[in-house]
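Take a look at the structure set out below.
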Amino acid sequence: MSDTYLPDLEKESNAGGPYAASIKSMRAAGLEVPGILHLLTFKPKATDLLSQFTQEVMRGKSPLSPAFRELIATITSEGNKCEFSRDAHAQAAALLFETEGRVKSGKGQAFLGAVLQGDAKLTDAEWALLEFVVQVNLEAQDVEEKDIRKLRKAGWSDEALYDAITVCSLTNFYNRWVGAAGVAWQNEESSISSGTRIAKRGYIP
Numbered sequence: 015m016s017d018t019y020l021p022d023l024e025k026e027s028n029a030g031g032p033y034a035a036s037i038k039s040m041r042a043a044g045l046e047v048p049g050i051l052h053l054l055t056f057k058p059k060a061t062d063l064l065s066q067f068t069q070e071v072m073r074g075k076s077p078l079s080p081a082f083r084e085l086i087a088t089i090t091s092e093g094n095k096c097e098f099s100r101d102a103h104a105q106a107a108a109l110l111f112e113t114e115g116r117v118k119s120g121k122g123q124a125f126l127g128a129v130l131q132g133d134a135k136l137t138d139a140e141w142a143l144l145e146f147v148v149q150v151n152l153e154a155q156d157v158e159e160k161d162i163r164k165l166r167k168a169g170w171s172d173e174a175l176y177d178a179i180t181v182c183s184l185t186n187f188y189n190r191w192v193g194a195a196g197v198a199w200q201n202e203e204s205s206i207s208s209g210t211r212i213a214k215r216g217y218i219p
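If you want the numbering used here, it's the 1-based position in the sequence shown plus 14.
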């Protein structure tokens with residue numbers, strides 16, 4: 015069974031490079047290969063730049079912690095019904111929030127439920143920003159300056175708002191990339207494993 019709808023991409027896994035090496039090692043260990051690795055392997059010049067951009071957006075200097083940025087990616091993926099991305103980002107967020115000492119319940123998809131139940135100890139300002147992210151994700155064209163003023167009043171800087179919008183936008187790219195290419199998890203352990211790797215190593219292979 016193909017890992018994506020585009021089996022010709024999977025042949026390129028033998029071409030070399032860090033993502034291809036990951037595919038080979040996972041197969042040797044009898045592990046499920048996330049289909050996104052084939053997308054990242056196919057055109058390495060482009061995806062090397064994509065990985066660097068993603069690393070900077072998700073782990074670079076920002077008023078938003080890496081944990082909160084992973085939560086934005088989780089909420090965005092949930093809104094787009096992209097289980098692949100939702101579960102991986104949720105696992106990464108769970109581990110990073112635990113590092114911050116803010117939540118210990120839930121992993122993977124269960125973490126989103128923990129957040130919605132208030133277990134992540136989010137501030138009112140963080141809730142307001144997440145509500146804005148939902149608006150950006152589903153109704154970006156309807157965002158008005160008054161929405162921005164409301165968030166500034168809550169204490170968010172323009173840099174924080176820029177970063178939140180960028181994380182949401184980048185996540186949308188990935189959601190559509192993997193969705194249209196047929197990337198999907200075959201079991202929950204795969205998302206837990208991928209999210210754990212993201213939390214520990216970031217987005218550079």
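All C-beta atoms, glycine included, are put in the ideal place defined by N, C-alpha and C.
- Taking the Cβ atom as the reference point for each residue, do V181 and I86 lie within a distance shorter than 7 angstroms? yes
- Any 3 or more C-beta pairs closer than 8 angstroms across the region 74–85 and the region 107–117: yes
- Message: Helix, strand or coil, according to DSSP, for E114 in the structure here?
- Response: coil
- Task: Evaluate the contact criterion for the region 205–213 versus the region 96–107: three or more CB pairs, one atom per stretch, below 8 angstroms.
- Result: yes
- Cα-Cα separation, I37 to P48: 9 angstroms
- Task: In the DSSP assignment, find the alpha helix (DSSP H) that holds G209 and state where it starts and stops.
- Result: 202–215
- Task: Just mark W170 as buried or exposed, buried being the case when its beta carbon has 16 or more other beta carbons within 10 Å.
- Result: buried
- Task: Tell whether a beta-carbon distance below 7 angstroms holds between E24 and H52.
- Result: Yes, these two residues count as a Cβ contact at 7 angstroms.
- Item | Boundaries (first-last residue) of the alpha helix (DSSP H) holding C182 | 172–194
- State the Cα-Cα distance for the pair D177 and A42, rounded to the nearest angstrom. 38 angstroms
- So, are the CB atoms of I218 and V147 less than 7 angstroms apart? no
- Message: Assuming S65 and V192 are in contact, meaning their beta carbons sit under 8 angstroms apart, how far apart are those beta carbons, in whole angstroms?
- Response: With 8 angstroms as the limit, S65 and V192 do not qualify as a contact, their Cβ atoms being about 15 angstroms apart.
- Within 10 angstroms of the Cβ of V117, are there 16 or more other Cβ atoms? Answer buried if so, exposed if not. buried
- Query: Could you give the residue range of the alpha helix (DSSP H) that holds T90?
  - Reply: 80–93
- Query: The alpha helix (DSSP H) spanning V197 covers which residue range?
  - Reply: From DSSP, V197 is part of no alpha helix (DSSP H); its letter is neither H nor E.
- Task: For V157, name the three-state secondary structure that DSSP assigns.
- Result: coil
- Task: Pull up the distance between the alpha-carbon of P12 and that of V71, whole angstroms please.
- Result: The first residue shown for the chain is 15 and the last is 219, placing residue 12 beyond what the model contains.
- Task: To the nearest angstrom, report how far apart L165 and Q69 are at their CA atoms.
- Result: 26 angstroms
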